[in-house]
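Asker: Heads up, the final residue of the sequence shown is numbered 459 in my numbering, and it's a clean run with no missing numbers.
C-beta: ideal position from N, C-alpha, C; glycine also.
Everything numeric in this text was worked out from a predicted model, so none of it was measured.
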Amino acid sequence: WTATRDKNCKLPMPKGSMGFPIIGETCHWFFQGAGFHASRRQKYGNVFKTHLLGRPLIRVTGAENIRKVLMGEHSLVTVDWPQSTSTLLGPNSLANSIGDIHRKRRKIFAKVFSHEALESYLPKIQLVIQETLRVWSSNPDPINVYRESQRLSFHMAVRVLLGFRVSEEEMHGLFHTFQDFVENLFSLPIDLPFSGYRKGIRARDTLQKCIEKAIREKPLHTQGKDYTDALDVLLESAKENNTELTMQELKESTIELIFAAFATTASASTSLIMQLLRHPAVLEKLREELRSCGLLHDGCLCQGELRLESIISLKYLDCVIKEVLRLFAPVSGGYRIATQTFELDGVQVPKGWSVMYSIRDTHDTSAVFKDVEAFDPDRFSPERNEDREGRFHYLPFGGGVRSCLGKQLATLFLKLLAVELAGGSRFELATRTFPRLISVPVVHPTDGLRVKFFGLD
Ligand code: HEM
Numbered sequence: 003w004t005a006t007r008d009k010n011c012k013l014p015m016p017k018g019s020m021g022f023p024i025i026g027e028t029c030h031w032f033f034q035g036a037g038f039h040a041s042r043r044q045k046y047g048n049v050f051k052t053h054l055l056g057r058p059l060i061r062v063t064g065a066e067n068i069r070k071v072l073m074g075e076h077s078l079v080t081v082d083w084p085q086s087t088s089t090l091l092g093p094n095s096l097a098n099s100i101g102d103i104h105r106k107r108r109k110i111f112a113k114v115f116s117h118e119a120l121e122s123y124l125p126k127i128q129l130v131i132q133e134t135l136r137v138w139s140s141n142p143d144p145i146n147v148y149r150e151s152q153r154l155s156f157h158m159a160v161r162v163l164l165g166f167r168v169s170e171e172e173m174h175g176l177f178h179t180f181q182d183f184v185e186n187l188f189s190l191p192i193d194l195p196f197s198g199y200r201k202g203i204r205a206r207d208t209l210q211k212c213i214e215k216a217i218r219e220k221p222l223h224t225q226g227k228d229y230t231d232a233l234d235v236l237l238e239s240a241k242e243n244n245t246e247l248t249m250q251e252l253k254e255s256t257i258e259l260i261f262a263a264f265a266t267t268a269s270a271s272t273s274l275i276m277q278l279l280r281h282p283a284v285l286e287k288l289r290e291e292l293r294s295c296g297l298l299h300d301g302c303l304c305q306g307e308l309r310l311e312s313i314i315s316l317k318y319l320d321c322v323i324k325e326v327l328r329l330f331a332p333v334s335g336g337y338r339i340a341t342q343t344f345e346l347d348g349v350q351v352p353k354g355w356s357v358m359y360s361i362r363d364t365h366d367t368s369a370v371f372k373d374v375e376a377f378d379p380d381r382f383s384p385e386r387n388e389d390r391e392g393r394f395h396y397l398p399f400g401g402g403v404r405s406c407l408g409k410q411l412a413t414l415f416l417k418l419l420a421v422e423l424a425g426g427s428r429f430e431l432a433t434r435t436f437p438r439l440i441s442v443p444v445v446h447p448t449d450g451l452r453v454k455f456f457g458l459d
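#1: Skipping 5 residues on each side, what residues in its chain have a beta carbon closer than 7 Å to that of residue 383?
#2: By Cβ distance, which residues of its chain are closer than 8 Å to residue 6, with the 5 residues on each side in sequence left out?
#3: Does DSSP put residue 321 in a helix, a strand or coil?
#4: Identify every run of the alpha helix (DSSP H) within the segment 57-86, keeping only runs that are complete inside it and at least 4 residues long; order them along the chain.
#5: Please classify residue 342 as buried or exposed, where buried requires at least 16 neighbouring CB atoms within 10 angstroms.
#6: Please list the terminal residues of the continuous alpha helix (DSSP H) segment that includes residue 151.
#7: Could you check if residue 84 belongs to the surroundings of ligand 1, using beta carbon to heavy atom distance under 8 Å?
#8: In whole angstroms, what separates the C-alpha of residue 113 from that of residue 433?
#9: What's the C-alpha gap between residue 3 and residue 280?
#10: Quick check: the Cα distance between residue 364 and residue 189, rounded to an integer number of angstroms?
#11: Identify which residue in 387, 315, 338, 349 has its Cα closest to the Cα of residue 74.
#12: Are the segment 126-143 and the segment 412-427 touching by the rule of at least three beta carbon pairs closer than 8 Å?
#13: Whose C-alpha, out of 453, 108, 138, is nearest the C-alpha of residue 255?
#14: With hydrogens ignored, establish whether the beta-carbon of residue 399 is closer than 8 Å to any heavy atom of ligand 1.
#15: Using only alpha-carbon positions, find the residue among 231, 20, 17, 246 that is nearest to residue 106.
#16: Under a three-way DSSP split, which group does residue 435 fall into?
#17: Would you mind reading off the limits of the beta strand (DSSP E) that contains residue 358?
#18: Quick one: complete beta strand (DSSP E) runs, 3+ long, within the segment 393-451?
#19: Contact between the segment 33-50 and the segment 174-188: three or more CB pairs below 8 Å?
#20: Does DSSP put residue 304 in a helix, a strand or coil?
#21: Just to check, is the beta-carbon of residue 53 closer than 8 Å to a non-hydrogen atom of ligand 1?
#22: Excluding five sequence neighbours on each side, which residues of the same chain lie with their C-beta closer than 8 Å to the C-beta of residue 420?
#23: What number of angstroms, rounded off, separates the C-alpha of residue 367 from the C-alpha of residue 374?
#24: Compute the distance between the beta-carbons of residue 400 and residue 120, then report whether it is under 9 Å.
#25: Is residue 63 closer than 9 Å to residue 27 when the C-beta atoms are compared?
#26: Taking all protein chains shown into account, do 16 or more other C-beta atoms lie within 10 angstroms of the C-beta of residue 44, making it buried, or fewer, making it exposed?
#27: Within 10 Å of its beta-carbon, does residue 441 have 16 or more other beta-carbons around it, so buried, or fewer, so exposed?
#28: Going by other Cβ atoms of all chains shown within 10 Å of its Cβ, with 16 needed for buried, is residue 152 buried or exposed?
#29: Which of the three DSSP states, helix, strand or coil, is assigned to residue 34?
#30: Should residue 453 be labelled buried (16 or more other beta-carbon atoms within 10 Å of its own) or exposed?
#31: Closer than 8 Å: is that where the CB of residue 321 sits relative to any heavy atom of ligand 1?
#32: Taking just the CA atoms, how far does residue 59 sit from residue 350?
Below is the structure:
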């Protein structure tokens, strides 16, 4: 709370309020959600100071400022998650690694998301989505889209990505423990009985135990290129890089992968479904594209094997997913710490201060997007290409050396979901109006979004 300015630097400190001792502005942040940052940005400018989750923080918005932060990794800043997140993810996670160790771990992980690996996950992801939509459609009642999308992305991460053979009952237990873990990742680091932080630690320990059991029971296929899941690819990639992953490293990596995939993809899936409901013309244009590529015939999706290339070739689908991730970026930003004092937007960012770059605020305020609040997938068409102005105006997956490793997998998942929705489902909003959105820990509707699914006519 007492972090101070760098007296050797003549530049002023960013404007802003540090709130109350210890808790700072954490309570305002929880209750105001996205409005917290927007209101302070309007009052204090694109670079402002605050105090969140037990420490002082400088919040940064705007493409040029973010470019400087993200490209300054190693020289100006390094990673610095809130203490709760850092402890819960563990010292072996990518999120907590820096410098050469980060580079080496990223190289091992990269193979998990290669084109070849994605091609091998595709049919399994498609199957999980089809089964889920069948279950949603057979339910006589409306479903809570956000909660069920969380189950879907958890299922995708645990069964498809990691290849764990867990029973339905174990899966149910794991899912609830994981929800406890994620809900408390961003909590005040106060280790007392019943505190969020203690709950998170308990959930992490339970998860690590279950995951160790699942890893030991899992048949491993690390010979040749016939991958069955991401864990096999990860082990093989580690071997190729002359590294042996310890059980602790595997457990932490596994939890990190599920965490990275779980909340983000569930949030984006829910936003996608909401936008397709709000914009029937977009849904119809998607169907038209599927028809013109021969993937949709007489209102039915062709049941042949879908290839990665065919998904990549669907240009309008690409625009729709990009626009969902622009207007409803699931991750609000990333955390860093200043390793030296530097200038940003005319003010100083003193050494030792935490810095959070804002993805959602940057999308919301970027001048390169015309009619910035409108849902308009065509802004990403080759003719308009509004994000050509520079990659830091549009950054749902972050940027620089710590950009999202699962970007292609997440995009593939969302595209497959959109194809199944456009090709094989009928769905209607079950409430009179669309719900309000909240943004902590990821963007999601207050009531979860109630939708009735009917399946094929
Ligand atoms: C990092 C967004 C899905 C794996 C990130 C970052 C963002 C992001 C913004 C950078 C955070 C920072 O700068 O500190 C998203 C969004 C997703 C998504 C919006 C879905 C729509 C996934 C999936 C996986 C994944 C499905 C893998 C299964 C990772 C990993 C990192 C990361 C491992 C850490 C990279 C590093 O530290 O080097 N993600 N992500 N993400 N993401 Fe994703």
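Answerer: Well, looking at it:
#1: 321, listed in sequence order.
#2: Once the five neighbours on either side are set aside, the close Cβ partners of residue 6 are 352.
#3: Three-state result, residue 321: helix.
#4: Runs of the alpha helix (DSSP H) lying entirely within the segment 57-86 and spanning at least 4 residues, in chain order: 65-73.
#5: Exposed is the call here.
#6: Per DSSP, residue 151 belongs to the alpha helix (DSSP H) from 147-157.
#7: The closest heavy atom of ligand 1 lies 8 Å or more from the beta carbon of residue 84.
#8: The alpha-carbon atoms of residue 113 and residue 433 are separated by roughly 43 Å.
#9: Legend: pLDDT at residue 3 = 46, less than 50; position of this residue unreliable, value from coordinates given subsequently. Their Cα atoms are separated by approximately 44 Å.
#10: Across the structure, residue 364 and residue 189 are spaced so that their CA atoms are roughly 25 Å apart.
#11: Minimum Cα distance to residue 74 is reached at 338.
#12: Contact holds: three or more Cβ-Cβ distances are below 8 Å.
#13: Comparing Cα positions, the closest option is 108.
#14: True, at least one ligand heavy atom lies under 8 Å from that Cβ.
#15: Of all alpha-carbon atoms in 231, 20, 17, 246, the one lying nearest the alpha-carbon of residue 106 is that of 246.
#16: If DSSP states are grouped into helix, strand and coil, residue 435 belongs with coil.
#17: According to the DSSP assignment, residue 358 belongs to the beta strand (DSSP E) that extends over 356-360.
#18: You should have 429-431.
#19: Contact fails: fewer than three Cβ-Cβ distances are below 8 Å.
#20: When DSSP states are grouped into helix, strand and coil, residue 304 belongs to the coil group.
#21: Remark: the C-beta of residue 53 is outside contact range of ligand 1, defined as less than 8 Å to any heavy atom.
#22: Within the same chain, residue 420 has close Cβ partners 274, 278, 288, 319, 322, 323.
#23: Spanning the two alpha carbons is a distance of roughly 7 Å.
#24: Using a Cβ distance threshold of 9 Å, residue 400 and residue 120 do not count as a contacting pair.
#25: In this structure, residue 63 does not lie closer than 9 Å to residue 27 by Cβ.
#26: Exposed is the call here.
#27: Classification of residue 441: buried, given that the 10 Å Cβ count is 16 or more.
#28: Per the 10 Å Cβ criterion, buried.
#29: Reduced to three states, the DSSP call for residue 34 is helix.
#30: So residue 453 counts as buried.
#31: Judged by the Cβ position, residue 321 fails to qualify as a neighbour of ligand 1 at the 8 Å threshold, every heavy atom of the ligand being at least this far.
#32: Rounded to whole angstroms, residue 350 and residue 59 show a C-alpha spacing of 13 Å.
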